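Numbering of the sequence shown is given in our numbering, commencing with residue 139 and proceeding in unit increments.
Worksheet: the structure to be examined is printed underneath.
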Amino acid sequence: EFKREDFVQYLRDELPSLAFTPVVFLSAKEGKGLERLLRTAERLHEQASRRVSTGALNRILKEATQTQGPSSSGARLSIYYATQAESNPPTFVVFVNDRRLIGRNYVRYLTNCLREGLDFPEVPLRIVLR
């Protein structure tokens, strides 16, 4: 028998980078799930359109770097400031002293900190390093 929870777990296992995304089930045969799909789409559009202040963004990043700094080979990362450049998807430009000091895993960590701290629980976020 098909269990929705099993399918959701399968998706989470196969696509871990999309673990934050909602899953909505539809049935064309029974005509079910369309209302929930539309509510979810509206909620996602609202999140993706949200703008945050530069102050709030920089507070979250400062806290994140104090909690866990990037591992490096002796060089020290400095994050000067960050700003939201776009929405849909929310795009944040982070100005640093040396982009090479920030690896993919640390960008993922910062993204998760922004997702949680700025209330973007279900939409993709972009971080651009400058």
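Built from N, CA and C at the ideal position, the CB exists for glycine as well.
The structure displayed is predicted, hence computed values, not measured ones.
Check, Outcome
"Give me, in chain order, the residues of the same chain whose beta-carbon lies closer than 7 Å to that of R254; leave out the 5 immediate sequence neighbours on both sides.", "According to the sequence displayed, residue 254 carries Glu and not Arg. Hits under 7 Å: none found."
"Determine the DSSP secondary structure at F163, reduced to helix, strand or coil.", "coil"
"Can you tell me which of K141, A213, F140, R189 puts its alpha carbon nearest to the alpha carbon of L256?", "R189"
"Measure the alpha-carbon distance for R246 versus V266 and round it to whole angstroms.", "12 Å"
"Tell me the residue span of the alpha helix (DSSP H) that contains A223.", "It is not in any alpha helix (DSSP H) - A223 instead sits in the beta strand (DSSP E) that spans 217 to 224."
"I need the DSSP call for R197, collapsed to helix, strand or coil.", "helix"
"What would DSSP say about V231, mapped onto helix, strand or coil?", "strand"
"Run through DSSP, which three-state label would V266 get?", "strand"
"Let me make sure I understand the geometry here. Which of I240, R237, L182, Y219 has the alpha-carbon closest to that of S225?", "L182"
"Quick one: Cα of S95 to Cα of Q185, how far?", "Summary: the structure shown does not reach residue 95, with the chain confined to residues 139 through 268, and so no result is reported for it."
"Using the rule of at least 16 other Cβ atoms within 10 Å of the residue's Cβ for burial, across every protein chain shown, is F258 buried or exposed?", "buried"
"For L172, does the count of other Cβ atoms within 10 angstroms reach 16, so buried, or fall short, so exposed?", "exposed"
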